[in-house]
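Numbering (the numbering used here), first residue to last: 41 to 147. Glycine is no exception: its CB is placed at the ideal position from the N, C-alpha and C atoms. The structure appears right after this line, and notes come after that.
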């Protein structure tokens, strides 16, 4: 099995000043906010369950989550490293989901 990842597949548009308040972490806690967008072929219900489960495991808050058979769009907040781990998990995704384009943008 060969996994080929183009350098244009993963685009991270970082912003060190991109912070938002995560109310469940306390009033003084700052968390990063990111919008993760993917295009490809998805089992929408399976991808939604997968994303919600991974976000819960990584202690990330999902503000919005929109999944269709061809597009995945989410806005999450939490620790920046964990947001990156969430993005990587979604790239690998559940069986049968194929990602052709991935973006992680400051929200």
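Residue i to residue j, Cα distance in whole Å?
i: residue 81; j: residue 124; result: 21 angstroms
i: residue 58; j: residue 119; result: Low confidence applies to residue 58: its pLDDT is 47, below 50, so where it sits in the model is not reliable, and the reading given next is rough at best. If you take the alpha carbons of residue 58 and residue 119, they lie about 12 angstroms apart.
i: residue 108; j: residue 134; result: 15 angstroms
i: residue 101; j: residue 83; result: 22 angstroms
i: residue 141; j: residue 79; result: 5 angstroms
i: residue 95; j: residue 122; result: 9 angstroms
i: residue 106; j: residue 90; result: 13 angstroms
i: residue 98; j: residue 92; result: 10 angstroms
i: residue 71; j: residue 146; result: 12 angstroms
Could you name the residues that DSSP lists as bridge partners for residue i?
i: residue 145; result: 75
i: residue 112; result: 78 and 107
i: residue 102; result: 116
Any idea what DSSP makes of residue i, helix, strand or coil?
i: residue 82; result: coil
So which of the options has the shortest CA-CA distance to residue i?
i: residue 75; options: 101, 116 and 137; result: 116
i: residue 85; options: 140, 111 and 101; result: 111
i: residue 73; options: 90, 93 and 127; result: 127
i: residue 87; options: 113, 145 and 143; result: 113
i: residue 144; options: 136, 131 and 89; result: 131
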